[in-house]
Amino acid sequence: MKIVVLAGGISPERDVSLCSASLISNALLSKGHEVAFVDIYIGIPENTELKSIFVSKNSGKTFSYKIPENEPDLEAIIAANDGRRELIGPGVLEICKMADAVFIGGHGGMSENGRLQAVLDCINVPYTGSNYFGSALAMDKNISKTLFVQYGIPTADWLLFDPKKDSVEKVKKEIGFPCAVKPTGCGSSCGVSLVHNDSEWKAAIDYSTKYEDICLIEKMVSGREFSIGILEGKALPIIEIRPKQGFYDYKNKYQDNATEEICPAPLSKEKTEEAQNLALKVHNLLRLGNYSRVDFILSDKDNKFYCLEANNLPGMTPNSLLPQEARAIGISYEDLCERLVMNLSPSQK
0 MKIVVLAGGI SPERDVSLCS ASLISNALLS KGHEVAFVDI YIGIPENTEL KSIFVSKNSG
60 KTFSYKIPEN EPDLEAIIAA NDGRRELIGP GVLEICKMAD AVFIGGHGGM SENGRLQAVL
120 DCINVPYTGS NYFGSALAMD KNISKTLFVQ YGIPTADWLL FDPKKDSVEK VKKEIGFPCA
180 VKPTGCGSSC GVSLVHNDSE WKAAIDYSTK YEDICLIEKM VSGREFSIGI LEGKALPIIE
240 IRPKQGFYDY KNKYQDNATE EICPAPLSKE KTEEAQNLAL KVHNLLRLGN YSRVDFILSD
300 KDNKFYCLEA NNLPGMTPNS LLPQEARAIG ISYEDLCERL VMNLSPSQK
């Protein structure tokens with residue numbers, strides 16, 4: 000197959016995407032596919048012959064990218080590209096039309112909120128993951144949490160907070176401290192802070208509004224954190240996440256040896272089945288595609304699982320959570336990548 004792997008873009012998760020997509024590309028090359036690695040935002044240089052972008056296993060080419068400790072400076076990237084704010088770079092859609100399928104290796108922004116999926120639908124190009132509607136539902140934390148409540152899926156209390164209109168007193172009254180402050184539509188914990196007192200409030204709001212004007216303020220649920228991958232309609236073994244310091248923020252997610260990850264998670268059979276059934280319920284409720292990942296906190300207070308969010312394009316480095324869970328049932332990273340692109344959901348074919 001000819002496969003375009005889309006990466007990068009203009010999103011706080013740009014670096015995560017470039018790392019995931021590099022390794023996805025290598026895995027697909029190892030399985031004998033022709034691969035074109037393309038940065039959605041940067042695009043393809045002018046006068047490049049598009050078919051020359053595709054490489055094969057015999058070319059000897061491989062890809063690599065290491066995630067820096069801090070999130071990318073998106074304005075600097077835009078400035079380095081003559082201030083261009085178009086989200087899709089030159090030649091990107093043209094090369095996608097040449098492929099048998101597109102592996103969406105992007106994270107956050109247009110790669111994950113449904114806009115890229117809608118564009119690919121409009122040009123009749125098949126792609127991995129969820130369709131535009133499921134992507135939009137999952138990416139907007141306010142909408143997904145509203146659906147969770149309506150369908151009986153436990154989730155922490157929350158409110159939307161507009162720093163230009165609302166006061167911290169409203170948060171104290173309705174949610175209280177400690178709480179989590181986060182953008183409604185970012186992943187990888189970009190813009191997320193935990194607030195325990197007044198002195199931490201302003202920095203948390205400033206960090207969240209770096210990415211979006213409106214914040215989601217969520218009551219903090221103390222407990223153990225778990226993640227559950229869904230692959231082709233079935234729940235994978237559960238993974239438990241134990242950061243060595245602080246919480247599971249951007250640094251702890253992507254820097255080596257910052258977090259202990261245990262798979263299968265040490266849970267009873269009953270709690271394992273409970274969490275897996277909840278994850279499947281979330282996946283189906285949000286109309287997600289051939290794979291996703293759903294994150295939970297098991298509360299110390301009442302021993303209930305509270306859904307944090309669903310990830311319609313989970314991280315795909317070999318040490319990311321979903322590949323670890325697949326490996327626990329004997330699916331190698333290379334086989335997983337190939338399965339995701341070979342067994343597309345009906346709406347993505």
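The letter at position 82 of the sequence shown is residue 81 when you use numbering that gives the first Met the number 0, and the numbering goes up by one with no holes.
A virtual CB, placed ideally from N, CA and C, is assigned to each residue, including glycine.
Do glycine 133 and glycine 151 count as a contact pair if the criterion is CB distance below 9 angstroms?
Numbered from 1 along the sequence shown, position 152 holds the residue referred to as residue 151. Numbered from 1 along the sequence shown, position 134 holds the residue referred to as residue 133. No.
Distance, Cα to Cα, glutamate 217 vs alanine 203?
By one-based count along the sequence shown, residue 217 stands at place 218. By one-based count along the sequence shown, residue 203 stands at place 204. Computed Cα separation, rounded: 13 angstroms.
Who does serine 298 pair with in a DSSP beta bridge?
Locating residue 298 in the sequence shown gives position 299, counting from the first residue. Answer is Gly222, bridged to serine 298.
With distances taken Cα to Cα, identify the nearest neighbour of glutamate 341 among Tyr126, Ser267 and Ala309.
One-based indexing of the sequence shown puts residue 341 at position 342. At residue 341 the sequence reads methionine, which differs from the glutamate that was named. Considering only alpha carbons, the answer is Tyr126.
Which ranges does the beta strand (DSSP E) cover as unbroken runs of at least 3 residues, wholly within the segment 116 to 147, from first to last along the chain?
none
Per-residue DSSP class, three states only, for asparagine 310:
Within the sequence shown, the letter at position 311 stands for residue 310. The answer is strand: DSSP assigns asparagine 310 an E or B state.
Do glycine 104 and glycine 42 count as a contact pair if the criterion is CB distance below 9 angstroms?
Here residue 42 is taken as the residue at index 43 of the sequence shown, counted from 1. Here residue 104 is taken as the residue at index 105 of the sequence shown, counted from 1. Against a cut-off of 9 angstroms, the Cβ pair of glycine 104 and glycine 42 comes out as no contact.
Under a Cβ-count criterion, where at least 16 other Cβ atoms within 10 Å of its own Cβ denotes burial, should arginine 292 be classed as buried or exposed?
On the sequence shown, position 293 is the one that residue 292 refers to. Result: buried.
Where alanine 325 and lysine 270 are concerned, what is the direct C-alpha to C-alpha distance, given to the nearest angstrom?
Your numbering for residue 325 matches position 326 in the sequence shown. Your numbering for residue 270 matches position 271 in the sequence shown. Between alanine 325 and lysine 270, the C-alpha separation is close to 20 angstroms.
So what does aspartate 334 bridge to, in DSSP terms?
The residue given as residue 334 occupies position 335 in the sequence shown. The partner list for aspartate 334 (beta bridge, DSSP) is empty, contrary to what the question assumes.
Beta strand (DSSP E) segment containing arginine 286, residue limits:
By 1-based counting over the sequence shown, the position of residue 286 is 287. Counting along the chain, arginine 286 falls outside any beta strand (DSSP E), and DSSP gives it neither H nor E.
Sub-9 angstroms separation of glycine 314 and cysteine 189 beta-carbons
The residue given as residue 314 occupies position 315 in the sequence shown. The residue given as residue 189 occupies position 190 in the sequence shown. Contact flag unset, no.
Runs of alpha helix (DSSP H) lying entirely within the segment 14 to 92, each at least 4 residues, in chain order:
73 to 79
Can you check DSSP and say which residues form a bridge with arginine 241?
What you label residue 241 is simply residue 242 of the sequence shown in a count that begins at 1. Arginine 241 pairs with Glu259.
Other residues of its chain near lysine 1: CB distance less than 7 angstroms, five sequence neighbours each side excluded:
Here residue 1 refers to the residue found at position 2 when the sequence shown is read from its first residue. The answer, listed in chain order, is Glu33, Phe53, Met97, Ala98 and Asp99.
Restricting to Cα atoms, I'd like to know which of Glu70, Val101, Leu92 and Asn46 is closest to alanine 20.
Walking along the sequence shown from the start, residue 20 turns up at place 21. Nearest option by C-alpha distance: Val101.
Within a Cβ cutoff of 8 angstroms, which residues of the same chain sit near lysine 50, ignoring the five residues on either side of it in sequence?
Numbered from its first residue, the sequence shown carries residue 50 at position 51. Only Met97 meet the Cβ criterion.
State the start and end residues of the unbroken beta strand (DSSP E) segment that holds proline 359.
Coverage of the chain is limited to positions 0 through 348, which leaves residue 359 absent and any answer about it impossible.
Tell me the DSSP secondary structure of tyrosine 206 in three-state form.
What you label residue 206 is simply residue 207 of the sequence shown in a count that begins at 1. If DSSP states are grouped into helix, strand and coil, tyrosine 206 belongs with the helices.
Could you check the C-alpha separation between alanine 78 and aspartate 72 for me, to the nearest Å?
On the sequence shown, position 79 is the one that residue 78 refers to. On the sequence shown, position 73 is the one that residue 72 refers to. Spanning the two alpha carbons is a distance of roughly 10 angstroms.
I'd like to check one pair, phenylalanine 160 with valine 148: are the Cβ atoms closer than 9 angstroms?
The sequence position of residue 148 within the sequence shown is 149, counting from 1. The sequence position of residue 160 within the sequence shown is 161, counting from 1. Contact: no.
Find the nearest neighbour of threonine 316 within the set Lys164, Pro11, Val3 and Ala26, judged by alpha-carbon distance.
As a working note, residue 316 is residue 317 in the sequence shown. Residue Ala26 is the option with its Cα nearest to threonine 316.
Histidine 195 classed as buried or exposed, judged by whether at least 16 other C-beta atoms fall within 10 angstroms
For this step, residue 195 is matched to residue 196 along the sequence shown. Label assigned to histidine 195: exposed.
For the segment 208 to 217 against the segment 262 to 278, do three or more pairs of beta-carbon atoms, one drawn from each stretch, fall closer than 8 angstroms, so that the two count as touching?
no
Tell me the residue span of the beta strand (DSSP E) that contains valine 4.
In the sequence shown, counting from the first residue as 1, residue 4 sits at position 5. It spans 1 to 6 - the beta strand (DSSP E) in which valine 4 sits, taken as one unbroken run.
Please classify threonine 154: is it buried, with 16 or more other beta-carbons within 10 angstroms of its beta-carbon, or exposed?
On the sequence shown, position 155 is the one that residue 154 refers to. Per the 10 Å Cβ criterion, buried.
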